[in-house]
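Take a look at the structure set out below.
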Amino acid sequence: MCGYPAKYALIFLLLALSVFLFLLSAPPYQANTFCSHMDLEPPTPDEALEDHYLLKAIAWPKLPARPAPAPLYQTSDPVHSLFTILPSKGQKEWHVGDQLEALVQMHNFQGSPKRYGGDFLVARLHSPMLGAGVAGKVVDHLNGSYSALFPLLWGGSAQVQITMVHSSEAVAVLQRLREERPNRVFFKSLFRSGKLSETTTCIPCLPPDSAQQPLCNYTNLHTGEPWYCLKPKLLSCDTRINHAMGGYEKPLYTNQEALLFQR
Ligand SMILES: *[C@@H]1O[C@H](CO)[C@@H](O)[C@H](O)[C@H]1NC(C)=O
Ligand SMILES: *[C@@H]1O[C@H](CO)[C@@H](O)[C@H](O)[C@H]1NC(C)=O
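In the UniProt record's numbering, the protein residues as written are 1 to 263.
This is the structure in structure tokens:
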């Protein structure tokens with residue numbers, strides 16, 4: 001593998017999809033207060049172990065406690081951020097089987113270095129010509145710098161690409177939403193009989209004020225898992241023919257916070 005220019009501009013590719021992935025990630029059990037009436041069987045030891053691994057896999061990085069949300073110009077800006085390829089054992093030469101390390105320094109929109117971690121970065125090493133690529137491991141040094149570590153698996157040229165998916169400030173917003181607003185997504189179902197069709201909203205857990213509205217109860221008799229839809233005005237509950245995501249409850253975040261999710 002040949003040498004690299006020392007610095008590459010950090011490539012910014014905000015994946016809009018990732019916002020949705022985050023918003024859909026599972027809420028912690030205890031925060032799901034609307035489901036507090038749920039009386040499910042306690043998990044078996046196998047299920048508890050699986051729960052543990054799943055929660056570990058989606059664990060959030062620890063974010064620094066800050067008194068107030070940072071103004072936009074103090075948040076991480078990929079355009080001002082840089083990474084440097086560190087020499088291997090003091091030399092600018094790499095061999096298959098070595099590890100390549102890139103040191104990332106994040107900066108804010110004013111160009112000042114960030115002094116805390118928590119940015120969601122993904123790193124990859126790839127060679128478009130060879131069609132080869134490998135994901136890097138990103139280590140957060142919690143002071144605004146990160147190491148991206150790549151195994152070198154093929155001979156020839158390769159490019160490093162580091163993407164900021166979300167700034168730590170955006171991650172903090174997503175984390176708050178996950179904890180405080182577990183039921184952000186709502187669902188809907190279509191009911192149809194003959195020429196008549198109606199769509200209503202569906203909810204996994206009964207809202208506290210549900211007593212007034214007529215409901216269709218689709219709770220799974222086998223597992224006890226709750227599922228309700230508002231009853232259609234004209235049709236009966238057994239004319240339900242489909243199920244889809246209805247959208248996100250609004251507003252999820254403030255206008256100020258929305259700026260953190262721009263491309
Ligand atoms: C950040 O932390 C890393 C790892 O501890 C250290 O090598 C680096 O010098 C630190 N950077 C700054 C700017 O303090
Ligand atoms: C819905 O059905 C389940 C299972 O039959 C039952 O336990 C639950 O109480 C019902 N919910 C309501 C609001 O009637």
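Every residue, glycine too, gets a C-beta built ideally from N, C-alpha and C.
- Shortest gap from the CB of residue 80 to any heavy atom of ligand 1: 7 angstroms or more.
- Judged by DSSP in its simplified three-state form, residue 109 adopts coil rather than helix or strand.
- Shortest gap from the CB of residue 108 to any heavy atom of ligand 2: 7 angstroms or more.
- Distances between the C-beta of residue 200 and the heavy atoms of ligand 2 are all 7 angstroms or more.
- Exclusion of residue 189 from the 7 angstroms shell around ligand 1 follows from its C-beta lying no nearer than that to any non-hydrogen atom of the ligand.
- Between residue 120 and residue 165, the C-beta gap is smaller than 8 angstroms, which places the two residues in contact.
- Residue 160 is a Cβ neighbour of residue 85, given a cutoff of 8 angstroms.
- Beta bridge pairing from DSSP links residue 77 with no other residue.
- Not one heavy atom of ligand 1 sits closer than 7 angstroms to the Cβ of residue 126.
- Under DSSP, residue 129 shares a beta bridge with no residue.
- In terms of CA proximity to residue 182, 203 leads the group 203, 230, 107.
- When only Cα atoms are considered, residue 184 and residue 177 end up about 8 angstroms apart.
- As the crow flies, the alpha-carbon of residue 76 is around 10 angstroms from that of residue 117.
- Under the three-state reduction of DSSP, residue 59 is assigned to coil, being neither helix nor strand.
- Counting along the chain, residue 225 sits inside no beta strand (DSSP E), nor does DSSP assign it H or E at all.
- Secondary structure within the segment 123–196: the beta strand (DSSP E) runs of 3 or more consecutive residues, fully enclosed, are 132–135, 137–140, 145–151, 159–166, 185–193 (chain order).
- For residue 230, the shortest separation between its Cβ and any heavy atom of ligand 2 does not lie below 7 angstroms.
- Residue 206 has its Cβ nearer than 7 angstroms to a heavy atom of ligand 2.
- If you draw a 10 Å sphere on the C-beta of residue 73, you find fewer than 16 other C-beta atoms in it, and that means exposed.
- Contact between the segment 253–263 and the segment 231–244 is absent: fewer than three C-beta pairs spanning the two stretches fall below 8 angstroms.
- The DSSP-derived three-state label of residue 103 is strand.
- Residue pairing of residue 217 in beta bridges, as defined by DSSP: 228.
- Take the alpha-carbon of residue 94 and the one of residue 54: they are about 36 angstroms apart.
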